[in-house]
Amino acid sequence: MHGGPNVTLVAALPPTGLPAAMTGNGAVTGDVFAAYLEQVLGPTRVPGDEVMRGKLPAHKVAGLAELVEAHGARLLYLPPYFPNFHPLELAFSKLKTWLRTVQANTREALEDVIRTATEWVTGGDAKNWFDQCGYHVP
Numbered sequence: 003m004h005g006g007p008n009v010t011l012v013a014a015l016p017p018t019g020l021p022a023a024m025t026g027n028g029a030v031t032g033d034v035f036a037a038y039l040e041q042v043l044g045p046t047r048v049p050g051d052e053v054m055r056g057k058l059p060a061h062k063v064a065g066l067a068e069l070v071e072a073h074g075a076r077l078l079y080l081p082p083y084f085p086n087f088h089p090l091e092l093a094f095s096k097l098k099t100w101l102r103t104v105q106a107n108t109r110e111a112l113e114d115v116i117r118t119a120t121e122w123v124t125g126g127d128a129k130n131w132f133d134q135c136g137y138h139v140p
């Protein structure tokens, strides 16, 4: 969709892969991020999970912790942003490589490519990225 509308990908990276992704038009707002936490990520969480968020304005709106805690997880802030120490950035790098190899000329085609690309990120990938960034997870 080169030259088309801006499409934003919202995702989380647990040590099992990239199971919960959502796209939206334009920038992510607090309402969009809240909907992602409640409707997309929330159902994939289990009690004891920790959900890390960045310092974007959309990540700071009221009520987000309650949405995550409703699924038994905790919402925490990431340390100061360093792209080389951010596992999700490494996952997005792999996704972008995949997306560049495929011509998605419609929004539907883009959604299909993103769905396939998120399935392409394995638990092994995720664990390696966490280790590379200094977050050692079981």
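Here our numbering is used: position 63 in the sequence shown is 65, and no number is missing along the way.
Cβ coordinates follow ideal geometry from the N, Cα and C atoms, glycine included.
The structure presented is a predicted model; accordingly, all values stated were derived computationally and were not measured.
F94 and T10 have their C-alpha atoms some 12 Å from each other. Boundaries of the beta strand (DSSP E) harbouring L78: R76 to Y79, taken from the DSSP string. In this structure, W122 sits away from L92, with a CB-CB distance that is not shorter than 7 Å. In the structure shown, V104 adopts coil according to DSSP, grouped into three states.
Around the beta carbon of P140, a 10 Å sphere encloses fewer than 16 other beta carbons of the protein chains shown; the residue is thus reported as exposed.
Taken through DSSP and simplified to helix, strand or coil, T10 comes out as strand. A residue is called buried when at least 16 other Cβ atoms come within 10 angstroms of its Cβ; R47 meets this threshold and is buried. Excluding five sequence positions before and after H61, the CB atoms of its chain that fall closer than 7 Å to its own CB belong to F35 and R55, given in chain order. Distances from the CA of A72 to each of A119, T25 and D51 were compared; the closest alpha carbon is that of D51. Counting along the chain, no beta strand (DSSP E) covers R47, and no H or E run does either.
DSSP, read as helix, strand or coil, puts A93 in helix. Distances from the alpha-carbon of N8 to those of H138, P17 and N27 put N27 closest.
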